[in-house]
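Going down the list, the protein sequences come from chains A and B. Sequential numbering from 1 applies to the first sequence in the numbering used here. Sequential numbering from 1001 applies to the second sequence in the numbering used here. To start, the structure itself, in structure tokens.
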Amino acid sequence: MAKMAVMEGSHAIAEAARVCRPSVVSAYPITPQTHIVEDLSAMIANGELTNCEYVRTESEFSAASVIQGAQAAGVRTFSATSSQGAVLMYEVLFSIAGMRLPCVLAMANRAVSSPINIWNDHQDAISARDNGWIQLWAEDNQEAADMIIQAYKIAEDHRVTLPVMVNFDGFQVTHLYEPVEVYDQKMVDEFLPPYDPLFKLDPKDPVTMGALAQPEYYTEARYMVHAAQITAKPIIEDVAREFGRKFGRFKGGLIDTYKMEGAEVALVAMGSILGTMKDAVDEMRSAGIPVGIVKIRTYRPFPVEALRAALKGVKVVCVLDRNISLGMEGAVFVETKAALYNASESPTMLGFIIGLGGRDITVRDIKGIVDKGYKKIGGERVSELEWYQLDRNILPEGI
Amino acid sequence: MAALEDLYASGHRACAGCGCALFLKTLMRVAGPDVIVTNSTGCMEVVSTPYPESAWKVPWIHSLFENNAPVAAGIEAALKATGRKGNTKVIAIGGDGATFDIGFGLLSGVMERGHDILYICYDNEAYMNTGIQRSGSTPYDASTTTTPAGKMSFGNQRPKKNVPAIMAAHGVPYVATTSMGYPADFTKKVRKALSIEGPKYLQVHATCVPGWGIDGALSLEILRLAVETGLYPLYEYENGQITSVKKIKNRKPVKEYLDKQKRYSHLFKMPGGDREIEKIQHIADLNAKHFNLDIEEKATAKEKEAKEE
């Protein structure tokens, strides 16, 4: 029986990073990510994490640059950030992916200014979706920690060689105390072998990294990143299953499903909201309402085929987005619709913007969204996109 | 010694007479093969690595415009963590735009944290790669595409930012200015910098043939004039103190430096240009006073003494 301990989500994530033996850690403080990098600092100070250089930079831009340089020099790295810090990193994140450096970044998802707001939503990572990083999305403390270990294995696979961002909700995961399994270093070492870079900066074997690609080469360089993302799909599944066999926990690969048998209405979402959704679905299923959940665990590469299979036969799909592509719809909604548009059977799709900037999401909210799905099935007029928790009393007149 | 092998190979796309390409070639002859180079976006990055070609025979990485220093810091940290550091030197190269402006905060962080890297700014005094726009290094009255001389303007109206002094204020062990007009001075300072552990900052004055509007054949002569007029003093800081200054015998008037460059040609045509040249002369005079650049002729000193008596 594995040893369990009650610990803060941030500590569980820091523990997972520690057992992966990174050689260079670099970060900059930002709420709600800070506890992770504080814990790693303490582990180094206490000698629990050795042969590791911790670089305390003057900005997230530099933190991302430091891990890029270190990874290019052929070592395993770790960084963590959130919100504004992630936005400041964006330029470097593109460069890291384009250079095929398998960095792992822990992302405590948080709203983006302005207005400034330290609480959870998914805007930071969603707005980073096009930079070539694989994006994994965890539901709870244990999954977030386990995902860090899986992330290295996926990133460093020579068929992939792409960076991986592990997403988990700020506060709902980072500051929540839950029982998690204490990792056994030997087991982690067996699961995750030492980093074997495909290429590195080494005076004994000089390489040029980050060359200029003119129009005759740029498309191919971009295609290779795209192809690696597509190649990663079965590898993400395999790594999740292998982790399941080794550690006894499997929470899905690209997606996970919950009570989808015979579901008429399916809810699609990512992150800690899944817990509340499962409670709501349990209650509704007990009342005989056939509703189920598809959790997106891998947002990049986007699980097109898996979603088509999981949502087959469903009448209405309700997608819950904790982000908004302003002027359009929630990103998960847009992409889920796109994934199903050319499928043989395409259910009716409804999008809901919910939980922005830390607004609480209750079981009642989830049930209300399912009701909308049933209204649609019943032929009632339901708008395709709804800002579900929008309080019109707060808005100025005329909006 | 492998010093004669060109680790920065010919065939790169730099202009004929480019002072910055000369800098890289000379640098690599001094630094040797046991180095890892980071290069910010800029002319030297563009001309040296058009895929699938590379002029670099040492490990080299270009990430972005502003982050050559922290990428170098990451490499240094990786080598340290894995015990691979040995004698390998990590060198970050950036132009004045990367160094004085967009990467300035990141460079400050690297200097302050004490990483064992050599940062070298090749200073051609404007954003040359994007078409000669003004940077924080552009000197007073230089005409650039964003500070053009015109009926209402003599060009750039701000003095050059004093980055070496700011770097020295970080308490780093070594800061120096040098010039490709003096290859021996450059070589000596690179060697010295590479022998010191910790963060080092070297600023190298180097021409841009189209950016300065010069005859490429006069590249070195013009760089020497910058020093001989007192406009680009060469000095070293060690642990925050100035420890050496290249003295000038018979300091030349700045006019001799300015009139060979198109970026200053308006000063010789526009009404009031004379007064502007006087202002530039004043900058050189202040440099001479601050760094004690002038070597007074013995006879002159005696005459002066006699006069005073």
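The C-beta atom is built at its ideal place from N, Cα and C for all residues, glycine as well.
Does the beta-carbon of residue i have 16 or more other beta-carbons within 10 angstroms, so that it is buried, or is it exposed?
i         : result
A:Pro303  : buried
A:Gln150  : buried
A:Ala12   : buried
A:Gly379  : exposed
A:Gln123  : buried
A:Gln115  : The sequence given here has Pro at residue 115 of chain A, not Gln. A:Pro115 comes out exposed.
A:Arg392  : exposed
B:Gly1011 : exposed
A:Leu326  : exposed
B:Gly1074 : buried
Does residue i come within less than 7 angstroms of chain B when only Cβ atoms are used?
i        : result
A:Ala86  : no
A:Thr81  : no
A:Met209 : yes
A:Ser23  : yes
A:Cys52  : yes
A:Ser65  : yes
A:Leu201 : yes
A:Gly69  : yes
A:Thr57  : yes
A:Ala16  : no
A:Glu139 : no
A:Tyr341 : no
A:Leu212 : yes
A:Ala42  : no
A:Pro347 : no
State yes or no: is the C-beta of residue i within less than 7 angstroms of the C-beta of residue j?
i         : j         : result
A:Glu60   : A:Gly85   : yes
B:Lys1057 : A:Pro206  : yes
B:Leu1202 : B:Ile1120 : yes
B:Val1035 : B:Ala1014 : no
A:Glu181  : B:Lys1080 : no
A:Val55   : A:Ser26   : yes
B:Cys1018 : B:Tyr1122 : no
B:Ser1153 : B:Phe1100 : no
B:Val1175 : B:Pro1199 : no
A:Ser62   : B:Leu1107 : no
B:Ser1137 : B:His1266 : no
A:Leu274  : A:Glu139  : yes
A:Gly351  : A:Phe333  : yes
B:Pro1164 : B:Thr1177 : yes
Name the DSSP beta bridge partners of residue i, please?
i         : result
B:Trp1060 : A:Thr208, B:Val1037
B:Met1128 : Beta-bridge pairing links B:Met1128 to no other residue.
A:Met4    : A:Glu181
A:Cys318  : A:Leu267, A:Leu350
B:Ser1153 : B:Gly1150
B:Leu1118 : B:Ile1091, B:Lys1200
B:His1205 : B:Asp1123, B:Ser1179
A:Val421  : Here chain A comprises residues numbered 1 to 399, so residue 421 of chain A is not present and cannot be evaluated.
B:Pro1050 : A:Leu212
B:Asp1294 : B:Ile1248
A:Arg56   : A:Ala27
Does the beta carbon of residue i sit closer than 7 angstroms to a beta carbon anywhere in chain A?
i         : result
B:Trp1056 : yes
B:Gly1109 : yes
B:Trp1212 : no
B:Glu1005 : no
B:Ala1078 : yes
B:Asn1156 : no
B:Gly1114 : no
B:Asn1129 : no
B:Ala1009 : no
B:Ala1165 : no
B:Tyr1119 : no
B:Leu1194 : no
B:Pro1271 : no
B:His1062 : yes
B:Ala1169 : no
B:Asp1123 : no
B:Tyr973  : There is simply no residue 973 of chain B to check, as chain B begins at 1001 and stops at 1309 in what is shown.
If I'm right that residue i touches residue j with Cβ under 8 angstroms, what's the distance once you round it to whole angstroms?
i         : j         : result
A:Leu254  : A:Pro163  : That pair is no contact at about 18 angstroms.
A:Ala263  : A:Gly292  : 3 angstroms
A:Cys20   : A:Val188  : 7 angstroms
B:Lys1262 : B:Gly1230 : At roughly 22 angstroms, the Cβ-Cβ gap does not stay under 8 angstroms, so B:Lys1262 and B:Gly1230 are not in contact.
A:Asn323  : A:Asp121  : 6 angstroms
Determine whether the Cβ of residue i lies closer than 7 angstroms to any Cβ atom of chain C.
i       : result
A:Glu91 : Absent from the structure: chain C. Protein chains present are A and B.
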